[in-house]
Structures are given as structure tokens and as C-alpha cells.
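For reference, the structure is listed below as C-alpha cells.
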Amino acid sequence: MSVGRLVKALIPLLLIAFGVLWPVIFSGGSGGPPDIEDPVVIADYDVNIVVDAAGRMSAVETLTTEFYSTDRHGIFRYWDVANQNDPLLRQKPEVDSVLLDGEPVSYQMLWEDGRRFRVAKIGDPDRYLSDGTHVFEIRYTIPGVLDPGSVGSDLQFAKSTGSEGASESVFFWNVIAPAWNNRIEHADITVTLPGDVGTAQCSVGQGVGRGCDGLAVDGNRVRISADNLPPRTPVTVRAGVDVPTPDQVTLPWPYTWDRVLGQSVTGALWVAGLTVLFGVLALLWLRSVLEKSPGFPLQYAPPPGLGPVQAEYIRTESVPKNGLTATLLYLADRKLVTLDQVSDKQWNIRGAA
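Note that the sequence shown covers residues 0 to 352 in numbering that gives the first Met the number 0.
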């Protein structure tokens with residue numbers, strides 16, 4: 000195959016590859032919740048987290064909110080399913096229940112930013128909430144929240160307490176996510192771990208930030224409080240715990256490829272298998288409709304330098320029965336011999352050389 004034909008054949012493949020991979024090439028940043036401040040104020044945010052030995056987290060978030068506008072149906076809760084310390088890990092929440100003022104309320108689970116953020120859209124879409132105080136309770140679970148003890152050991156935190164020394168496992172978590180677009184006036188967080196807590200560290204805000212209020216360790220429990228949190232302000236906790244690190248379910252690709260491959264190995268294998276199958280079928284169909292390239296280009300005379308007998312022998316690999324006659328006529332045509340017909344059955348042949 001010539002270089003030109005090879006380039007032409009590669010152009011469709013390159014276009015197909017670009018069409019499949021453009022979400023990875025143009026990821027467009029972290030995405031997530033919009034940077035617009037929500038007028039709903041969270042007056043009190045109570046978070047109760049319990050982590051079992053298998054690394055499964057059960058959380059209950061109770062939010063006392065103040066609504067100052069009657070054009071709101073409810074609130075949004077964002078979870079980032081990617082883990083910044085392990086790009087192969089996904090930590091998807093499973094919402095068990097949502098209450099509004101002590102009663103079940105409708106909610107819708109959505110995906111944003113190519114399945115990077117799991118979103119709970121909480122509230123009745125057919126009813127606006129009245130001004131005043133409303134209490135939301137969100138119960139959910141997340142698997143695989145205990146990391147190896149070395150995770151985050153090189154980071155600095157604004158405040159630290161507890162015993163010194165490394166722990167076998169660590170709970171490293173944004174107990175208040177940076178996805179809240181609401182101002183939070185006060186927050187109380189309680190984290191119960193499956194073993195005694197070693198060193199507990201905490202920061203408010205991005206980077207080192209400022210220290211948490213009331214950071215305390217009591218056996219297997221960590222307590223934290225924080226006040227006057229602007230929108231999108233995280234509260235991060237890192238607490239060592241003396242239990243074996245449980246297995247975490249990971250994917251073979253980083254979260255940036257979820258836009259292309261999804262979050263299921265089985266699904267990706269099925270798609271890959273079907274792609275190969277249809278590619279093979281397309282190749283077989285193409286071969287069936289294309290004519291085979293002839294051995295020689297179409298000509299009205301033998302190639303230069305070859306006589307008719309030679310050409311016929313190359314074509315059939317046998318000597319033709321009229322080979323002698325054809326050779327004599329060929330030589331006569333080239334003025335190498337002369338042919339004189341004496342009678343119906345007699346010809347005189349004379350060499351011209």
C-alpha cells in the first residue's frame with residue numbers, strides 16, 4: 000500500500016477516534032456545582048458519620064435552613080464520586096431517605112460533569128417552600144472510605160490532636176463538601192470510626208486553611224465544629240484508625256475517562272467486544288463487495304519485450320497449441336523473417352538478418 004493510500008485510510012480512523020475521545024481531550028475543568036451563591040442559608044448543619052470495619056460510611060446530615068425567598072422548591076446536595084488521592088477509585092453515594100420537616104419528600108438523583116458528580120435534587124417540583132425555617136435530613140451510605148495509613152501523610156493541616164504515630168488506616172474526608180453553594184452559619188460533625196483514633200487533623204477551607212473549632216478525640220470518635228462558612232468552603236478531616244485497611248473497589252481507568260468508558264468494567268468490555276465484532280463483520284462485507292486486483296493491467300497487446308507465446312505461457316503456465324504459428328507471425332511482424340505463401344499448404348520462410 001502506498002503512503003498516499005495509507006494516509007487516506009487513516010483519516011476516517013482518526014476522525015472516529017476524535018469523536019470518541021473528545022470528552023477526555025476537552026474535559027473543561029472539574030465542573031460540578033455552579034459558582035452561584037444560593038440564597039438559602041444553612042443556620043445549623045449537623046453531620047453524624049459512622050464508618051464500619053469494611054470501610055462503609057453511613058451518614059446522617061440534618062440541615063436547619065432559612066428560606067428568604069418563595070421561589071425555591073428545595074435544595075441540591077452534590078457528591079464528588081472521584082477520589083483525589085486515588086484516581087482509580089469511585090465513591091458513589093446511595094441515598095437511603097430524605098426528610099423535609101420530618102416528612103418524606105421527593106428527590107431526584109442526577110449526574111453532572113460526565114458522571115463525576117452525583118446530585119440529589121431535593122424538593123417537590125410542583126410546590127414552592129414557604130419563607131422561614133425548614134429542616135432537611137439526608138441519610139446515605141458510601142463504600143470504601145478507609146484508605147491506607149500513608150494517604151495524606153505528607154499534607155499539612157491547620158489543627159491536629161490525638162496521639163502521635165502512624166496508623167494502619169486513615170479516614171480522609173471532606174466532612175463538609177466544597178460543593179455547598181450555601182452559607183453555613185454553624186456546623187457540628189461527629190465521626191465514629193471502627194477502632195481507636197490516633198492522630199486527628201482538620202482544616203477549614205482549601206489548602207492548609209484555618210483550624211477547626213472544638214477538634215477533639217474520644218476513643219473511636221472525633222468531634223469537630225465550625226462557624227461562619229462561606230459558600231463552597233470545605234471542612235477536611237484526616238483521622239488515623241488502628242484497623243486493617245479494607246479492600247477498595249477500583250476501576251482500571253482514572254475518573255477522567257468515565258465520560259468515554261463509564262463506570263462499569265463489564266459494560267466497557269461489552270462495548271469493546273461488540274466494536275471488534277462489528278469491525279470484523281464490516282471488513283468481511285467490504286472484502287465481499289470489492290473486486291480482486293488483476294495480476295496485470297488491462298492491455299491490448301503483450302507487454303513490451305514479450306511475444307504472444309511467452310505471454311500466454313505466463314498466463315496459463317502451458318505451451319499453446321498454436322505456439323509455432325504465433326511465433327512465426329510475431330517474428331514476421333517484427334521484420335525478422337519474411338513469409339511467402341506458395342500454395343494453400345506451403346509457406347516459404349526466409350530470415351531477414
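We put the CB at the ideal spot given by N, CA and C, even for glycine.
### Message
Let's test the definition: count the other Cβ atoms within 10 Å of the Cβ of residue 155 and tell me whether it reaches 16, buried, or not, exposed.
### Response
exposed
### Query
Do you know offhand how far residue 126's Cα is from residue 75's?
16 Å
### Message
Closest to residue 219 by C-alpha separation, out of 162, 36, 116 and 133, would be which residue?
### Response
162
### Query
Under the DSSP definition of a beta bridge, which residues are partnered with residue 106?
121
### Task
Can you give me the Cβ contacts of residue 141 inside the same chain, cut-off strictly under 8 Å, excluding the 5 residues immediately before and after it?
55, 56, 58, 78, 90, 91, 92 and 93
### Message
If you reduce the DSSP assignment to three classes, tell me which class residue 92 lands in.
### Response
coil
### Message
Here's a check: name, in chain order, each residue in its chain whose Cβ is nearer than 6 Å to the Cβ of residue 128, leaving out the five neighbours to either side.
### Response
66 and 71
### Query
Does the segment 189-201 come within contact of the segment 157-175, defined as at least 3 CB pairs closer than 8 Å?
yes
### Task
Identify, in the order they occur along the chain, each residue of the same chain with its Cβ nearer than 6 Å to the Cβ of residue 44, setting aside the five sequence neighbours on each side.
62, 183 and 186
### Task
Assign residue 119 to buried or exposed, taking buried as 16 or more other Cβ atoms, counted over all protein chains shown, within 10 Å of its Cβ.
buried
### Message
Rounding to the nearest angstrom, what Cα-Cα distance links residue 105 and residue 137 in this structure?
### Response
12 Å
#### Entry: Beta-carbon spacing of residue 152, residue 244 below 8 Å
no
### Task
Could you tell me if residue 10 is buried or exposed, where buried requires 16 or more neighbouring beta carbons within 10 angstroms of its beta carbon?
exposed
### Task
Taking residue 313 as part of the alpha helix (DSSP H), name the residues at either end of that continuous run.
307-315
### Query
What is the DSSP secondary structure of residue 221, reduced to helix, strand or coil?
strand
#### Entry: Distance between residue 176 and residue 165 (C-alpha atoms, nearest Å)
26 Å
### Query
If you follow the beta strand (DSSP E) that residue 172 is part of, which residue opens it and which one closes it?
168-175
### Task
Could you tell me whether the segment 251-270 touches the segment 107-121, where touching means 3 or more Cβ pairs closer than 8 Å?
yes
### Query
At what residues does the beta strand (DSSP E) containing residue 199 begin and finish?
196-203
### Check whether residue 247 and residue 88 have beta carbons under 8 Å apart
yes
### Query
When you compare only the Cα positions, how much space is there between residue 73 and residue 284?
56 Å
### Under 8 Å between C-beta atoms of residue 46 and residue 144
no
### Query
Whose C-alpha, out of 249, 268, 52 and 329, is nearest the C-alpha of residue 82?
249
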